[in-house]
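Data block below; observations after.
Number of protein chains: 6
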Amino acid sequence: MSQLQARRPKDSSVEMTELVLPNDTNQLGNLLGGRLMHWIDIAAAMVAMRHSSKVCVTASVDEINFFEPIKLGHVVTLQAMINRAFTTSLEIGVRVLREDPLNNSSVHTSSAYLTFVAIDTYGRPLKVPPLEVESDEEKRRFNEAALRREQRLQHREMVKKLRADGAHSS
Amino acid sequence: MSQLQARRPKDSSVEMTELVLPNDTNQLGNLLGGRLMHWIDIAAAMVAMRHSSKVCVTASVDEINFFEPIKLGHVVTLQAMINRAFTTSLEIGVRVLREDPLNNSSVHTSSAYLTFVAIDTYGRPLKVPPLEVESDEEKRRFNEAALRREQRLQHREMVKKLRADGAHSS
Amino acid sequence: MSQLQARRPKDSSVEMTELVLPNDTNQLGNLLGGRLMHWIDIAAAMVAMRHSSKVCVTASVDEINFFEPIKLGHVVTLQAMINRAFTTSLEIGVRVLREDPLNNSSVHTSSAYLTFVAIDTYGRPLKVPPLEVESDEEKRRFNEAALRREQRLQHREMVKKLRADGAHSS
Amino acid sequence: MSQLQARRPKDSSVEMTELVLPNDTNQLGNLLGGRLMHWIDIAAAMVAMRHSSKVCVTASVDEINFFEPIKLGHVVTLQAMINRAFTTSLEIGVRVLREDPLNNSSVHTSSAYLTFVAIDTYGRPLKVPPLEVESDEEKRRFNEAALRREQRLQHREMVKKLRADGAHSS
Amino acid sequence: MSQLQARRPKDSSVEMTELVLPNDTNQLGNLLGGRLMHWIDIAAAMVAMRHSSKVCVTASVDEINFFEPIKLGHVVTLQAMINRAFTTSLEIGVRVLREDPLNNSSVHTSSAYLTFVAIDTYGRPLKVPPLEVESDEEKRRFNEAALRREQRLQHREMVKKLRADGAHSS
Amino acid sequence: MSQLQARRPKDSSVEMTELVLPNDTNQLGNLLGGRLMHWIDIAAAMVAMRHSSKVCVTASVDEINFFEPIKLGHVVTLQAMINRAFTTSLEIGVRVLREDPLNNSSVHTSSAYLTFVAIDTYGRPLKVPPLEVESDEEKRRFNEAALRREQRLQHREMVKKLRADGAHSS
Chain A
1 MSQLQARRPK DSSVEMTELV LPNDTNQLGN LLGGRLMHWI DIAAAMVAMR
51 HSSKVCVTAS VDEINFFEPI KLGHVVTLQA MINRAFTTSL EIGVRVLRED
101 PLNNSSVHTS SAYLTFVAID TYGRPLKVPP LEVESDEEKR RFNEAALRRE
151 QRLQHREMVK KLRADGAHSS
Chain B
171 MSQLQARRPK DSSVEMTELV LPNDTNQLGN LLGGRLMHWI DIAAAMVAMR
221 HSSKVCVTAS VDEINFFEPI KLGHVVTLQA MINRAFTTSL EIGVRVLRED
271 PLNNSSVHTS SAYLTFVAID TYGRPLKVPP LEVESDEEKR RFNEAALRRE
321 QRLQHREMVK KLRADGAHSS
Chain C
341 MSQLQARRPK DSSVEMTELV LPNDTNQLGN LLGGRLMHWI DIAAAMVAMR
391 HSSKVCVTAS VDEINFFEPI KLGHVVTLQA MINRAFTTSL EIGVRVLRED
441 PLNNSSVHTS SAYLTFVAID TYGRPLKVPP LEVESDEEKR RFNEAALRRE
491 QRLQHREMVK KLRADGAHSS
Chain D
511 MSQLQARRPK DSSVEMTELV LPNDTNQLGN LLGGRLMHWI DIAAAMVAMR
561 HSSKVCVTAS VDEINFFEPI KLGHVVTLQA MINRAFTTSL EIGVRVLRED
611 PLNNSSVHTS SAYLTFVAID TYGRPLKVPP LEVESDEEKR RFNEAALRRE
661 QRLQHREMVK KLRADGAHSS
Chain E
681 MSQLQARRPK DSSVEMTELV LPNDTNQLGN LLGGRLMHWI DIAAAMVAMR
731 HSSKVCVTAS VDEINFFEPI KLGHVVTLQA MINRAFTTSL EIGVRVLRED
781 PLNNSSVHTS SAYLTFVAID TYGRPLKVPP LEVESDEEKR RFNEAALRRE
831 QRLQHREMVK KLRADGAHSS
Chain F
851 MSQLQARRPK DSSVEMTELV LPNDTNQLGN LLGGRLMHWI DIAAAMVAMR
901 HSSKVCVTAS VDEINFFEPI KLGHVVTLQA MINRAFTTSL EIGVRVLRED
951 PLNNSSVHTS SAYLTFVAID TYGRPLKVPP LEVESDEEKR RFNEAALRRE
1001 QRLQHREMVK KLRADGAHSS
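Chains as they are written, first to last, in my numbering: chain A, 1 to 170; chain B, 171 to 340; chain C, 341 to 510; chain D, 511 to 680; chain E, 681 to 850; chain F, 851 to 1020.
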């Protein structure tokens, strides 16, 4: 029961900083999109586990845009924070900044929203603690999370309808 | 110019099969969502480069749902295919199947849509060859790609509006 | 018992596609031979586990030739297929193609033959299902597998004899 | 010249958070000491490059103690901050916390002090900007860095002397 | 010219020791065959580069047998030594020992023979220094290398003939 | 009891050779300090486990100096040897040599001293076998290990005192 006590967003927020090494890049020295997605997922998973005190697995990732190229030698900062807790799932927002440490310029390159589900060792969903929001910023995130959830459901309906009208699945 | 000759979807399609090793899992032996996203991105990048004969970078990834858990020892098959070519960008669809080789069950666990941009060595966008679609299935994918593109633009507008109404960015 | 029902080669065949990243290359941008061998082994292991529905471990790898260099940014396709099932072991063939996606040239760079053994959790060998071959191509592979097995045994005898004539082991 | 303007510790400080995955552990599920040292080095390198706006390489690492075991599934937070800038080198302090996200306990497991040197593309040392310290805490760290530097020099002398007295080098 | 001065086997021999970590194993905790092949290739590449003072790439790997299982936590020792230098190629032998450090038992698990070619930055073959053998053991290895080379050529002929008799290539 | 029989340094010594690959370097092609520390830790862990026949974890690492840069394509040799066994801990010395295989120059770049503790599966310390030293070199190392241990304790006292005089911990 104490595990279902409401928690604040800052109780579980994570800052993760990574240096882009040759291992992470393509032949032109650009950070691979998939490598960044991997970091985004790890940062969000840590927030989900901290908030819920349970092992959490990725259930979905909303659209991610990569506005700015990230290059070999850049520093990538990921700021991950819980936006809303539903019954057994949580929405986590991750903000990605890239910085060229050689000239200290820093820009926002992506934002991502991920949904995680808390599970037991058999993979069955577990209840998660509610989220207590206070500041205007936290409330805005909390409300946007519900809108995104609704949009996700609408989107899935649209895809299903398109599939039903068309031939077979993608 | 010959590089801008129309090509067929099957000219660039990719099948990628991966074995889930301890390296790819969390403490309960579940495949990490971010690891799967990394494979999805690599599979799609190979399609984009094959179709365009150019280096391509990830511009955006649509919502990805992880319907079914994938575990240590499973075989993951990724089928990646180009859905549509725009002026300098391409939409690639990736279908993910997971199979437990010890009982030969195979299920569809995720579908993903990614947009790539072809670039030169300075990162400037380059024109890509048009896509020639023939079968009903190929035409359905071609049309759906335009709908998804429109939805992406609407979604970005909605996010911008929410942000403008609210305080500061996520 | 149903696990020992005969299966067809196409029931377990695998296509694996990999993009050569900086991580996989030496200081001149050539794919490391050992990295390719690792991919060959994984592709073959997936075929062996799919055919047998059991965990399989590598027992031997026949001579592998690397006819053509593979470079950073190339796409490597591995086609793995079972050639023959013996009592507790299987021979898998892997064909390696490399393609420069920037000019769509594709060449055959290596072929490899690997033997796997199906094992239980104590490492003891387990019986594997027989292989049912139909096409001429499948029959040719089936017959060649027996020749290669014989050659392997002869080769081991020759090595043993050389050692016995000489001083101590390599 | 503007690159040699004094900077504050907070201008370059880094927080790095890592999830301990199977890849990072030994056969009992303990984080490998060397893996933690690798993270410590990366976190410190990012601070050194941010402060100096130059590529920096590790010159030395002071004694590191691992007071508490870190296990699979734990969250490791590394807080890295510059303590002092010398002519071409910098001392960076890294504080390591480990947390079990399943019960939110957090403990301090190690502290490390690393010296980095800023270099040009030929490996020659470059001048670094001075550090401007204000708070008592920053001043304490600044003074301790000088003491550690002195101790390092004494330590090297002692080792040299021991070697000279003894036979050949370690 | 001084680079083509004869060298002794011991001038370039390598001992490489690796600890089997979770990253290197399958779901039963067995070292992956491909991971071991990767280590074998790296060990041999270092010998080839040391002997030739040139960048070398893998040209072929003879049959490798995995006589004994290697498990998580074992220590793997690879002893690599040049057996013979031909005009632009070298044969390297690698002997693999595995040891359970918890009971100090050590067994020979595999031997491998690899051929490397020295190349320039355009991938063209370069002459390598001759090998000077003295001991009986070195002479035995030198002679066996010629036999293996001959067998490799015969083997390729047999494969070609089988292919010509049959339908298309594997 | 037989596990606590005295052993000689050479019974557990390890030689580990690594090729510096792109994966291991920063954007100027320098080996990352943290990567080298990782190798040092693995080499020393193997010695500790061989001497004690038990799983061992890193307890502390003494100051490490990186005297010479190590570059992409270099060969790194790590020679690890036990210097002294205490009740439940051991001091291991690791000597690092780097060699450019293209010109066969070899230099000593670092020396490191690490302390390991033997543990059971609950993480509790276990007694380790005594070390039997014979040669002058072994005796010198044995005596130096005691001096280093004393210096470590003094150093910790100094740090504690500085902390007590100052405000809060680093």
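Glycine included, each C-beta is placed from N, C-alpha and C at the ideal position.
Just so we're clear, the structure is a prediction, and the values are computed from it rather than from any experiment.
Bridge partner(s) assigned by DSSP for residue i
i	result
aspartate 610 of chain D	D/Ser615
proline 125 of chain A	A/Ile119
glycine 433 of chain C	C/Met421, C/Tyr453
leucine 1021 of chain F	No information on residue 1021 of chain F is available, as it lies outside the stretch 851 to 1020 that chain F covers here.
asparagine 540 of chain D	D/Lys581
glutamate 185 of chain B	B/Gln249
Integer Cβ distance of residue i from residue j, believed to fall under 8 Å
i	j	result
arginine 651 of chain D	glycine 603 of chain D	6 Å
threonine 428 of chain C	valine 387 of chain C	The pair is not a contact, with the Cβ atoms about 16 Å apart (cut-off 8 Å).
phenylalanine 406 of chain C	glycine 373 of chain C	6 Å
serine 52 of chain A	alanine 118 of chain A	4 Å
valine 870 of chain F	isoleucine 920 of chain F	6 Å
aspartate 572 of chain D	arginine 517 of chain D	Between arginine 517 of chain D and aspartate 572 of chain D the Cβ distance is about 23 Å, and since that is not below 8 Å, they are no contact.
Closer than 8 Å to chain B by CB, residue i
i	result
lysine 394 of chain C	yes
arginine 152 of chain A	yes
Min CB distance residue i to chain A below 8 Å
i	result
proline 639 of chain D	no
serine 877 of chain F	Correcting the residue type first, residue 877 of chain F is glutamine in the shown sequence and not serine. Closer than 8 Å: yes.
asparagine 593 of chain D	no
isoleucine 552 of chain D	yes
methionine 559 of chain D	yes
glycine 676 of chain D	Any reading at glycine 676 of chain D must be qualified, since the residue scores a pLDDT of 49, below 50, and its modelled position is unreliable; no value is offered.
proline 295 of chain B	no
For residue i, three-class secondary structure by DSSP
i	result
serine 52 of chain A	helix
isoleucine 744 of chain E	strand
glutamate 132 of chain A	coil
alanine 59 of chain A	strand
arginine 347 of chain C	strand
phenylalanine 936 of chain F	coil
methionine 681 of chain E	Any reading at methionine 681 of chain E must be qualified, since the residue scores a pLDDT of 43, below 50, and its modelled position is unreliable; the value itself is stated next. Methionine 681 of chain E: coil per DSSP, three-state reduction.
C-beta neighbour in chain D for residue i, strict 8 Å
i	result
asparagine 193 of chain B	yes
leucine 752 of chain E	yes
isoleucine 942 of chain F	no
alanine 45 of chain A	yes
CB contact check: residue i to chain E, cutoff 8 Å
i	result
leucine 202 of chain B	no
asparagine 405 of chain C	yes
arginine 375 of chain C	yes
threonine 461 of chain C	yes
serine 353 of chain C	no
alanine 328 of chain C	Only positions 341 to 510 of chain C appear in the structure, and residue 328 of chain C is not among them; the question remains open.
Chain C within 8 Å of residue i, Cβ atoms only
i	result
proline 271 of chain B	yes
proline 689 of chain E	no
Short CB-CB distance (under 8 Å) between residue i and chain F
i	result
alanine 590 of chain D	no
Problem - the region 92-111 of chain A / the region 151-162 of chain A touching (three or more Cβ pairs under 8 Å) - result: no
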